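Notes follow once the structure below has been shown.
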Amino acid sequence: MSFWAIVLVSWLGAAVGMAAVWAVSMRVRNVGYVDVAWAGLMALAALFAGFAGEGDELPRLLVALFGGIWGARLCLHLLHRVLREPEDGRYQAMRAAIGDSPGRWFVFFQAQAVVVGLFAIPFAAAAGADADGLEPLLLGAIAVWLIAIAGESLADRQLDAFRRDPANKGQLCRTGLWAWSRHPN
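Using the working numbering, the first residue of the sequence shown is number 1, and each one after it goes up by one.
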């Protein structure tokens with residue numbers, strides 16, 4: 001499948017997926033599921049690019065494997081958090097600012113689908129690559145991915161421990177690896 005076809009299908013699939021998750025989120029009044037969906041849809045976009053790309057087998061395999069593992073790990077981590085905690089404070093603040101209008105939340109969820117489509121661009125590019133002469137770059141990419149996934153996993157575990165400590169209620173985690181990784185907490 002061509003580069004742009006992979007990007008388009010990834011975005012359309014994400015739009016449908018986000019619409020379904022939006023409906024569930026409105027019903028249960030927890031917009032935090034958007035994060036779970038985003039990570040899971042990223043995994044699916046990577047898998048799709050890896051299987052549908054027209055490039056050499058090795059880059060396609062690495063895109064599917066590494067992108068799929070990264071997205072699935074993050075999806076499960078976020079799902080665990082969403083299931084055991086009330087709606088994330090970021091989304092509570094957004095709800096206070098924009099209200100409960102399902103239409104506004106639908107636009108927000110669809111904006112996340114657009115981001116999945118944008119993130120599918122490097123997946124599609126890598127899945128369309130020829131491996132000739134790229135072996136050193138691929139080895140470097142593997143090393144960077146291993147370090148990144150280990151660091152992200154460690155930072156998430158540190159954040160979980162921080163959030164479980166009642167003394168930290170309402171505070172931002174600014175310790176450990178999390179202090180440097182800083183994605184929303």
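Glycine is no exception: its CB is placed at the ideal position from the N, C-alpha and C atoms. Everything numeric in this text was worked out from a predicted model, so none of it was measured.
How would you write the range of the alpha helix (DSSP H) that residue i sits in, first residue to last?
i           : result
residue 153 : 135-164
residue 51  : 33-52
residue 8   : 3-28
residue 59  : 57-62
residue 181 : 178-181
residue 122 : 102-127
residue 171 : First-last for residue 171: undefined, no H or E at that position.
residue 97  : 89-98
residue 71  : 68-84
What residues in its chain sit with their C-beta under 7 Å from that of residue i, if we drop five residues either side in the sequence?
i          : result
residue 78 : 35, 36, 39
Alpha carbon to alpha carbon, what distance is there between residue j and residue i?
i           : j           : result
residue 49  : residue 74  : 19 Å
residue 32  : residue 132 : 43 Å
residue 87  : residue 25  : 10 Å
residue 127 : residue 22  : 30 Å
residue 4   : residue 124 : 8 Å
residue 16  : residue 122 : 21 Å
residue 29  : residue 156 : 25 Å
residue 60  : residue 43  : 14 Å
residue 68  : residue 106 : 26 Å
residue 151 : residue 72  : 16 Å
residue 20  : residue 10  : 15 Å
residue 27  : residue 6   : 32 Å
residue 76  : residue 96  : 28 Å
residue 101 : residue 134 : 49 Å
residue 93  : residue 55  : 44 Å
Shortest alpha-carbon distance to residue i belongs to which of the options?
i           : options          : result
residue 41  : 81, 80, 115      : 115
residue 137 : 62, 173, 98      : 62
residue 57  : 130, 67, 84      : 130
residue 45  : 120, 93, 149     : 120
residue 12  : 95, 113, 107, 83 : 113
residue 238 : 67, 71, 162, 76  : Here the chain comprises residues numbered 1 to 185, so residue 238 is not present and cannot be evaluated.
residue 1   : 72, 53, 82       : 53
Say whether chain D places a C-beta atom closer than 7 Å to the C-beta of residue i.
i           : result
residue 168 : In the structure shown, chain D cannot be found, because there is only a single protein chain.
Tell me which residues share the same chain as residue i and place their Cβ nearer than 6 Å to its Cβ, disregarding the 5 neighbours each side in the sequence.
i           : result
residue 109 : 18, 22, 34
residue 181 : 155
Tell me which same chain residues have a C-beta within less than 8 Å of the C-beta of residue i, skipping the five on either side of it?
i          : result
residue 8  : 117
residue 99 : none
residue 65 : 50
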